[in-house]
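In what follows, a structure is listed as structure tokens, so that the remarks can point back to it.
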Amino acid sequence: MPELRTVSTHCPYCALQCGTRLTRERRGVSVQPTDFPVNRGGLCQKGWTAPSLLDVEDRLRTPMVRRRGELVAVSWDVALDTIAEGIERIRAERGPDAVGVFGGGGLTNEKAYLLGKFARLGLGTSQIDYNGRFCMSSAAGAGIAAFGLDRGLPFPVTDLGGAEVVLLAGANPAETMPPLMQHLRSPDLIVIDPRSSATAEQAALHLQPLPGTDLALALGLLHIAVVDGFGDSGYIAARTSGFADAWQRAMSWWPERVERVTGVPVTAQRRAVRMLAEASSAYVLTGRGAEQHSKGVDTVAGFINLALALGLPGREGSGYGCLTGQGNGQGGREHGQKSDQLPGYRLITDQAAREHVSEVWGVLPEVLPGPGRSAYELLDALGTGNGPSALLVFGSNPAVSAPNSGHVVDRLRALELLVVADFVPSETAELADVVLPVTQWAEEEGTMTNLEGRILRRRRLQVPPGHARSDLEVLHGIATRLGEPGHRYPTQPREVFDELRRASAGGKADYSGISYERLDAGEALHWPCPDGEHPGTPRLFLDGFAHADGRARFAIVEHRDAGDVPEQVFPLTATTGRVLAQYQSGAQTRRVTALNEVSPEAFVEIHPDTATRAGVSDGALAKVTSPRGSAIARVRVVRTMRTDTVFLPFHFPGDGRANLLTGDALDPRSRMPEFKVSAVRIEPHRDV
Ligand code: SF4
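Position one of the sequence shown corresponds to residue 1 (full-length UniProt numbering), numbered consecutively onward.
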């Protein structure tokens, strides 16, 4: 395929997927934002500096295999033969589930689809999951239970600008996706965040609960809505079921009790409900702050309950949505790289789904394995004799991004074979036995699905450097060495997408009417799109929800403690999140000089009184310790932090890993780890 001088594509980072135009100039690649609806000519620092990713200094250019402790450059044949031999040996000794696969929410739809197929057919393993389990799985679980369908935003981003009020529960888009803020300029914002984030600073009302108590707050807001007569009884009767049981639970969360548990004053609770209820159009949006808890599904469900009681979801100009995080966080969860799902967002345990997908794949349904372990459980089981002895990682850096990071790194080290496909030597790649250099963003074709369920084209501007190859070619290469027929693993993205369309047909996320031709012609297509004439579905639920009876379901939820509860030894609560200039594990953004200058190192935000008590001072290094381990971070004393809480960003490696602190408490349904609550103590760092 020839190189082009200019292409229309999208930013490589977050789920907003801002539209960009890339041009190859004599001195490198330049980027310009386009008038794409989500960004309307805007980009954040990460988008403006994205071309720097194309020539990062330590870009992986050749495959490497570990020999006598060192990674040494080898040919593709040697690397792929090494992988295939290792897999054959391990499978022969311990069976197909001894090999695992770990995917990513930044992979294109084509890669996510082929990775799931490769795991189930090529490896025959049930042991596949992906890092999206750490981001969006709680909202997905709550959304499916409430509405029968999970699509981050069931309406276009541009609808938000027409609202009078938007409640953001646990989301900080002013830092995570700044161009979104132009759609939030006219609504009054209510922000729920223990931290006075950049978004909270722009809010008409900021509620600052103790981390881990958001569900109590959601129950309390529902209580006020009902008691103060703001419930939309006509909507509740006509479009929902289960209200009475949900109300039974909310009844005991009167405002003063909620204030005691969450720290949010009664007046602020009442004001929030009044603002939402009196608006003629309003949205409730949740983010990772509501999700990343051992009760994440219930917490999101608590906010959905509130939205339902006020009659918002499925109404023109109002609604509920989840702000998805990773670039393909939406598409990444629809095409089969989740341990419990097949393409089309189908359950792997559903016999009709197994029959449909196996027919597309040309195998019998009984060939498909059953559900595997969720992401953290998979990592936790590595090298134990009970879980996989080999792991293939695509598009993820779990050595930094997984919770309980010290333990996860130990498990990765215990593997007999760790294979990492990436375009930079991430912290996980540094541990690998085989490292495969793969294409990135502007070097490949494909599709992504943004937070609105809109399918977008990623376009190739230039050829990859050195010997880097597409992940699709890598999967083909390994699968054929394992004896699989080559035609099962197409290497051209368009061919993979055409198969994905057939596999998704009739599923919840139906892509069957979407084609490269339609996308290249400029059509705006949101799934479901069941045939070639269908215009796509930008707004869901206006005529009814996706449950068989068309009604949304209230959830019965009850507040409970987090996995960690602060006590004498660990008296504070640490919560984690993102900053503007870094992205996810930082493997990409830490290599961009302009971003690293803005945000170069791990830090901990702490209230001045807490800092004084702990003996730490602004600008000095502190040691933050939880029951799992310690992280070293630069102290930032901020008056806006709660006195019982500290905040650490999770983008940094080594001793600064915030995930050295986080634990293994999981939501019982979504298996989402509890990134947002760790009991910690803080003290001055003494370098020894
Ligand atoms: Fe890229 Fe997200 Fe920034 Fe847009 S908001 S430029 S998609 S990182």
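C-beta: ideal position from N, C-alpha, C; glycine also.
Which listed residue (G296, E164, P178) has its alpha carbon closest to that of T213
G296
Can you tell me which of the three DSSP states Q351 falls into?
helix
Here's the rule I'm using: 16 or more other beta-carbon atoms within 10 Å means buried, otherwise exposed. How should P51 be labelled?
buried
Do the segment 572–590 and the segment 172–180 meet, that is, are 3 or more Cβ pairs less than 8 Å apart?
yes
Which ranges would you report for the alpha helix (DSSP H) in the segment 241–269 if only whole runs of at least 4 residues count?
243–251, 255–262
Cβ of G344 within 8 Å of Cβ of K508?
yes
Is P194 a contact residue of ligand 1, with contact defined as CB to any heavy atom under 7 Å?
no
Run through the DSSP bridge pairs and tell me what I455 is partnered with.
T449
For ligand 1, enumerate in chain order all residues having a CB closer than 6 Å to any of its heavy atoms.
C11, Y13, C14, L16, Q17, C18, N39, L43, C44, K46, G47, M177, P178, P179
For H407, the first and last residue of its enclosing alpha helix (DSSP H):
405–413
Identity of the residues DSSP links to A169 by a beta bridge
I192, T286
D129 to D609, Cα distance in whole Å?
43 Å
Just to check my reading of the structure: Q32 and R21 have Cβ atoms closer than 8 Å, yes? What is that Cβ distance to the nearest angstrom?
5 Å
Would you kindly report the start and end of the unbroken alpha helix (DSSP H) that includes residue 763?
The first residue shown for the chain is 1 and the last is 688, placing residue 763 beyond what the model contains.
State yes or no: is the beta carbon of N397 nearer than 8 Å to at least one beta carbon in chain C?
Of the protein chains in the structure, only one exists, and it is not chain C.
On a Cα-Cα basis, can you pick out the residue from G103, D193, P255 that is closest to L205?
D193
Thinking just about the alpha-carbon of each residue, which of A631, R185, M136, G536 is nearest to the one in G656?
A631
Is the beta carbon of Y113 sitting closer than 8 Å to the one on G327?
no
Assigned exposure category for V165 - 16 Cβ within 10 Å defines buried
buried
Distance, P63 Cα to V420 Cα
10 Å
Distance between V284 and W254 (C-alpha atoms, nearest Å):
21 Å
Let me check one thing: in DSSP terms, what residues is F102 bridge-paired to?
D129, V393
At the level of alpha carbons, what is the spacing between G105 and L595?
22 Å
Residue nearest to G532 in terms of C-alpha spacing, selected from H547, A555, R502
R502
Kindly indicate which residue of L525, L219, A272 has the alpha-carbon position closest to the one of D298.
L219
Contacts around V598, its chain only, beta-carbon distance under 8 Å, and the 5 residues preceding and following it disregarded:
Q45, L580, A581
Own chain, CB closer than 7 Å to P96, minus 5 neighbours either side, in chain order:
L123, G124, T125
Paired residues, beta bridge with V624 - DSSP:
A631, I682
I'd like to know whether the C-beta atoms of G152 and L323 end up nearer to each other than 8 Å.
yes
For I478, which of E70, V56, T82, Q17 has the nearest alpha-carbon?
T82
Helix, strand or coil, according to DSSP, for H206 in the structure here?
strand
Would you please state the rounded distance, in angstroms, between the beta carbons of A574 and S678? I believe it to be under 8 Å.
5 Å
Quick one: using the 10 Å Cβ neighbour count with 16 as the cut-off for buried, is G654 buried or exposed?
exposed
Tell me, to the nearest whole angstrom, how far the beta carbon of V565 is from that of I606; I am working on the premise that it is less than 8 Å.
That belief does not hold up - the Cβ atoms of V565 and I606 are roughly 20 Å apart, past 8 Å.
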